[in-house]
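Data first, discussion second: the structure below is written as structure tokens.
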Ligand SMILES: O=P(O)(O)OP(=O)(O)OP(=O)(O)OC[C@H]1O[C@@H](n2cnc3c(O)ncnc32)[C@H](O)[C@@H]1O
Ligand SMILES: [Ca+2]
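Numbering (this note's numbering), first residue to last: 55 to 552.
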């Protein structure tokens, strides 16, 4: 046989095989490149929302941000920036409504700087006014409308998407505060417990939680379906029981009884809720200038406000502002308002936090809290000022009253006890976002909390691509192995024949 005929031609020298090998190599390179680009962290695109909290004591502007493609995921929205409007709340502009809108300028300019310009037209801006405006509306509806028109006019002059300025109800304030704290604590996707919400403002206070008992009054019940879970909430907002209005209620009662006891001029209001040595002249209308109290016509225009610094007497005087006699339900908090027993953990924010944090009373037992507070209240005013030279005198003078009010509201009002006192967490923020109603309000209005849990893909997109790539590679390697196996067996077969 001719020697040339026996020689087996090297298959790698065949053009088809070389071509196929080149295609496979190029294919692998392309797949690797795609996979690397696909899985590289994307440059995040953010969306923004602005909420103005027009409270009774002041207005704050909150800017929120969230990754553009993940808006329905729980916990994705965070507070990017907050700005405190200079001056008092918008309800204080009743005599000068223009001033209310103008007061927002500085913070709104700041918002323009903080949010990228190309996002401005799509960024919603909402203003929600709370108890200060509720009281003004009760007193003078025309004035409250003018103030709202003024802030609306001001907000429309910015390049954002204006979505309204309105007075929110007490139920909304309570419910959105609850949504905020539970969204931020990432409780809403889990079947585990939720966090009750306690908010103490200047003019109203809210309590909201998931009760274990039936809710006997329709007004106090709210139902939500969030991420596929049903929530049945108890909520109540006490107008006039924020800490500034409560102080007026309490001083008003003391003034009335002082007058009855002693009608001589000048009146001296001896107040156990203020420090010994505290002595200021106040005007009577300044106490009674609120729709929370019947106006009292007093002969005297001024009185001496004199501190006594006696915690237990202070608590006695504060108890008088809670009416616990009439209750048309199986149980009540106060003023004939139904309330089931408090249940679960609570987040207590705004003035609950400011006051208890200032006094270092956020982590003691109820008994220790009372002891420490009694000692604080009896400290002479001079010493208090010396110890805290940088704190606003108005706040400083009122911490004894405010903390005593907080204890009385929580214990006598809401019926917390020394056993469940530890379940109250005094908080300002959760992560980097403030606890308060604004975030929940925005999540609701932008439909960012779906009723049903969104369907989630089996695996994240990056993982999916990597998996597909590795799996294709495996099949390719197997095919090559099969190919070589066949080639070898054909060649051995050829030799056997030879
Ligand atoms: O909810 P409403 O009732 O409308 O009122 P608000 O929104 O203005 O009320 P805040 O929670 O902002 O404040 C509650 C109260 O705490 C006061 N406050 C704010 N910062 C404080 C601080 O550092 N120390 C003591 N009190 C403070 C403030 O003046 C109010 O009286
Ligand atoms: Ca508030």
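Idealized CB from N, CA, C, for every residue including glycine.
Contact residues of ligand 2 (beta-carbon closer than 6 Å to any heavy atom; chain order) are 109, 184, 255 and 404. DSSP, read as helix, strand or coil, puts residue 338 in coil. The beta carbon of residue 134 is closer than 6 Å to those of 117 and 119 in its chain, skipping five residues each way along the sequence. At a cut-off of 8 Å, the beta-carbon of residue 253 counts as near ligand 1: some heavy atom of the ligand is closer than that. In terms of CA proximity to residue 142, 157 leads the group 132, 157 and 149. Check the Cα spacing between residue 524 and each of 75, 69 and 82: the tightest is with 82. By the Cβ test, the region 220 to 240 is in contact with the region 174 to 194, since at least three Cβ pairs between them sit closer than 8 Å.
Counting of Cβ neighbours within 10 angstroms places residue 286 among the exposed residues, the total staying below 16. Within the region 289 to 327, the complete beta strand (DSSP E) segments of 3 residues or longer fall at 321 to 325, listed in chain order. For residue 494, the distance from the CB to the nearest heavy atom of ligand 1 is not below 8 Å. Residue state for residue 109 is assigned as coil, using DSSP reduced to three classes. Counting along the chain, residue 191 sits inside the alpha helix (DSSP H) bounded by residues 185 to 193. If you draw a straight line from the Cα of residue 521 to the Cα of residue 74, it comes to about 25 Å. Contact between residue 260 and residue 228 holds: CB atoms are separated by about 4 Å, below the 8 Å threshold.
Residue pairing by DSSP puts residue 118 in a beta bridge opposite 103 and 133. As computed with DSSP, residue 138 is found in a beta bridge with 114.
Partner residues in the beta bridge of residue 259, as assigned by DSSP, are 254 and 292. DSSP, read as helix, strand or coil, puts residue 402 in strand.
Restricted to the region 401 to 486, the beta strand (DSSP E) segments that are unbroken, complete and at least 3 residues in length are 478 to 480, listed in chain order.
The shortest C-alpha to C-alpha distance from residue 495 to any of 233, 139 and 71 is the one to 233. About 50 Å separates the beta carbons of residue 86 and residue 162, which is beyond the 8 Å limit, so they are not a contact pair. In this structure residue 255 does not touch residue 387 by the C-beta definition: roughly 17 Å separates them, more than the 8 Å allowed. Judged by DSSP in its simplified three-state form, residue 245 adopts coil rather than helix or strand. With fewer than 16 neighbouring CB atoms inside 10 Å of its own CB, residue 374 falls in the exposed class. Counting of Cβ neighbours within 10 angstroms places residue 506 among the exposed residues, the total staying below 16. Judged by the Cβ position, residue 488 fails to qualify as a neighbour of ligand 1 at the 8 Å threshold, every heavy atom of the ligand being at least this far. If you ignore the 5 residues before and after residue 242, its C-beta comes within less than 6 Å of the C-beta of 128, 236, 280 and 281, all in its own chain and listed in chain order. For residue 144, there is no enclosing alpha helix (DSSP H), as DSSP marks it with neither H nor E. With a cutoff of 8 Å, residue 219 does not count as near ligand 1, since its C-beta is closer than that to no heavy atom of the ligand. For the pair residue 123 and residue 131, the CB atoms are not nearer than the 9 Å cut-off.
Not one heavy atom of ligand 1 falls within 8 Å of the beta-carbon of residue 302. Residue 205 and residue 450 have their C-alpha atoms some 31 Å from each other. DSSP places residue 225 in the uninterrupted alpha helix (DSSP H) bounded by 224 to 238. With respect to the C-alpha of residue 358, the residue from 367, 350, 331 and 372 having the closest C-alpha is 331. Nearest Cα to residue 489 within the set 406, 432 and 329: 406. Residue 533 carries a helical assignment under DSSP once its states are collapsed to helix, strand and coil.
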